[in-house]
Amino acid sequence: MTLIAHAIAPVPRSSLKGGEGLRGRPLSWSGAGDIGLWSTQWDPADKLDRNDALEHHRLLERICAVQPCLPVRFGTAFASDDAARASLAGRVDELRAALDRVAGKSELAVTLLWAKNSGASAPRPPDPATGPGRRFMEERLSRHASREARKARAAELVECLVAELSVERALVWHEICASEAVAVSLAVLIPSERAAERKAVLERLAGRFNDVVGVVNGPWPPYSFATAESSVDSAPRGRT
Amino acid sequence: MDVDPDQVEQGLAKLVLALVEFLRQLLERQAVRRMEGGTLSDDEVERMGLALMRLEQKVQEMARGFGIDPSELNLGLGPLGNLI
Chain H
1 MTLIAHAIAP VPRSSLKGGE GLRGRPLSWS GAGDIGLWST QWDPADKLDR NDALEHHRLL
61 ERICAVQPCL PVRFGTAFAS DDAARASLAG RVDELRAALD RVAGKSELAV TLLWAKNSGA
121 SAPRPPDPAT GPGRRFMEER LSRHASREAR KARAAELVEC LVAELSVERA LVWHEICASE
181 AVAVSLAVLI PSERAAERKA VLERLAGRFN DVVGVVNGPW PPYSFATAES SVDSAPRGRT
Chain V
241 MDVDPDQVEQ GLAKLVLALV EFLRQLLERQ AVRRMEGGTL SDDEVERMGL ALMRLEQKVQ
301 EMARGFGIDP SELNLGLGPL GNLI
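Chains as they are written, first to last, in the numbering used here: chain H, 1 to 240; chain V, 241 to 324.
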């Protein structure tokens with residue numbers, strides 16, 4: 001019997017013990033010091049499917065509703081209770097700090113998609129007098145310039161969102177220009193009781209940008225903040 | 241661990257072609273910078289452009305030969321993002 005992991009949490013004070021995990025199977029607790037791991041007892045012969053992924057999300061919402069938790073990536077498995085404990089044992093302090101960061105908070109996710117033709121200038125018609133090599137290089141020059149301009153604009157958009165949110169920068173994660181269509185992916189931790197209000201603020205703000213289309217999702221468990229980091233600086237975390 | 245022996249060749253080809261494409265793009269960026277900086281003669285720009293264009297075409301052709309969509313020639317580096 002293996003364990004399919006769901007979330008790292010402080011020692012449970014709640015009624016989750018004895019509860020049900022995936023497919024109605026017992027929810028299991030593997031403790032290490034004053035933290036531990038919620039998981040489902042699982043027969044390795046059973047394949048996980050899409051419904052299990054959705055159930056994992058619902059379980060995380062249940063756990064997060066009653067105690068701080070760090071979601072574990074769906075499908076993470078441990079061979080035994082001892083293996084689960086061992087995975088936590090050397091990181092208890094880091095994980096406790098990460099749990100303190102997410103306590104009482106929910107995640108809102110903002111995705112800004114480039115509006116059609118935003119920032120894209122029409123390519124210059126090729127000069128018939130130039131050779132194919134130079135035309136190739138000029139096209140690439142124009143493509144690189146356009147990409148750099150988009151990156152700069154995406155960074156500006158992140159600054160606007162962060163300024164509007166007025167939260168500690170350590171509570172914001174972002175990534176810019178992760179794909180052709182996406183300008184900004186941003187996640188923010190918000191006190192759970194203010195999540196609906198902040199979501200409305202973000203939706204209004206995203207609607208004011210002309211060159212992107214905004215989508216705001218959540219609140220949901222702190223998926224983007226599940227990594228334990230020993231130090232948190234004051235800069236917004238993310239990739240640019 | 242699930243390993244499909246039939247996919248090994250394609251997986252290896254994808255890894256090698258992704259690295260080649262990564263190096264090609266590095267060369268391309270360097271060439272574009274030098275062109276912008278005016279340190280390449282017209283003849284050098286033309287020859288560099290032709291070489292990079294043909295290399296790109298060749299990589300794409302080889303990818304299709306292995307049943308790989310050229311847009312998939314990238315490697316996920318976990319928290320660091322994608323290679324390209």
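Just so it is clear, CB atoms sit at the ideal spot from N, CA and C, and this is done for glycine as well.
Quantities reported herein were computed from a predicted structural model and do not represent experimental measurements.
- Contact annotation: the segment 140-150 of chain H touches the segment 261-272 of chain V, with at least three C-beta pairs closer than 8 Å.
- For H:Ser146, the uninterrupted alpha helix (DSSP H) run begins and ends at 132-165, by DSSP.
- Residue environment analysis places H:Ala45 among the exposed positions, since fewer than 16 neighbouring C-beta atoms fall within 10 angstroms of its C-beta.
- Within its own chain, no residue has a Cβ closer than 7 Å to the Cβ of H:Asp100 once the five positions on either side in sequence are excluded.
- Interface annotation for the segment 137-159 of chain H against chain V: Met137, Arg140, Leu141, His144, criterion Cβ-Cβ distance under 7 Å.
- When rounded, the separation of the alpha-carbon atoms in V:Glu276 and H:Val184 is 28 Å.
- Val285, Glu286, Arg287, Met288, Gly289, Leu290, Leu292, Met293: these are the residues of the segment 280-298 of chain V whose beta carbon lies less than 7 Å from some beta carbon of chain H, given in chain order.
- In the structure shown, the three-state DSSP call for V:Phe262 is helix.
- V:Glu301 is outside the set of residues whose beta carbon lies under 9 Å from a beta carbon in chain H.
- Sorting H:Leu171, H:Ala97, H:Arg135, H:Leu27 by C-alpha distance to the C-alpha of V:Glu284 places H:Arg135 at the top.
- For H:Ala103, there is no enclosing beta strand (DSSP E), as DSSP gives it neither H nor E.
- For V:Val272, a Cβ of chain H is located within less than 9 Å of the residue's own Cβ.
- Its Cα nearest to that of H:Leu189, the residue H:Val162 stands out among H:Glu203, H:Val162, H:Val213, H:Val215.
- For V:Asn314, there is no enclosing beta strand (DSSP E), as DSSP marks it with neither H nor E.
- For H:Arg135, the closest Cβ of chain V is nearer than 9 Å.
- Inter-segment contact for the segment 64-78 of chain H and the segment 90-104 of chain H is present: three or more beta-carbon pairs are separated by less than 8 Å.
- V:Arg304 has a beta carbon lying at 9 Å or more from every beta carbon in chain H.
- Every alpha helix (DSSP H) of 4 residues or more that sits fully in the segment 34-72 of chain H is shown, in chain order, as 50-66.
- Counting along the chain, no beta strand (DSSP E) covers V:Leu295; the unbroken alpha helix (DSSP H) around it starts and ends at 282-305.
- H:Ala206 is positioned such that its CB atom lies closer than 9 Å to that of H:Val216.
- One alpha carbon belongs to H:Glu164, the other to H:Arg50, and they sit about 36 Å apart.
- Proximity of H:Thr76 to chain V, defined by a Cβ-Cβ separation below 9 Å, is not satisfied.
- The beta carbon of H:Pro132 sits closer than 9 Å to some beta carbon of chain V.
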